[in-house]
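Trainee: The sequence shown begins at 415 in the numbering used here and counts up by one.
No residue lacks a Cβ here, since even glycine has one placed at the ideal position from N, Cα and C.
To start, I am sharing the structure in question, which I have written as structure tokens.
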Amino acid sequence: YTPKILDILKENNVKAAFFVTGPYVKEQADLVKRMVEEGHIVGNHTVNHPSLPTLSDEKVKEEIT
Numbered sequence: 415y416t417p418k419i420l421d422i423l424k425e426n427n428v429k430a431a432f433f434v435t436g437p438y439v440k441e442q443a444d445l446v447k448r449m450v451e452e453g454h455i456v457g458n459h460t461v462n463h464p465s466l467p468t469l470s471d472e473k474v475k476e477e478i479t
């Protein structure tokens with residue numbers, strides 16, 4: 415559904431923020447590139463989407479770097 419959302423945003427000249435996980439970036443690289451090329455913000459939503467308060471500081475660092 416993300417391509418359709420991007421189409422609608424583009425048709426209406428609206429920019430958005432997308433927060434994506436590490437696997438999504440790898441699996442949907444062309445789509446993430448499109449997000450950036452069309453002027454959207456792409457943010458880090460961790461690698462595996464864990465509950466960060468349950469992790470050690472070291473594991474949190476691993477998830478966001």
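According to DSSP, what are the bridge partners of G457?
Mentor: G457 pairs with F433.
Trainee: How would you write the range of the alpha helix (DSSP H) that V428 sits in, first residue to last?
Mentor: Here V428 belongs to no alpha helix (DSSP H), and DSSP marks it neither H nor E.
Trainee: By Cβ distance, which residues of its chain are closer than 6 Å to H463, with the 5 residues on each side in sequence left out?
Mentor: Around H463: T435.
Trainee: In angstroms, rounded to a whole number, what distance separates the CA positions of V461 and F432?
Mentor: If I take the Cα positions, the gap works out to 15 Å.
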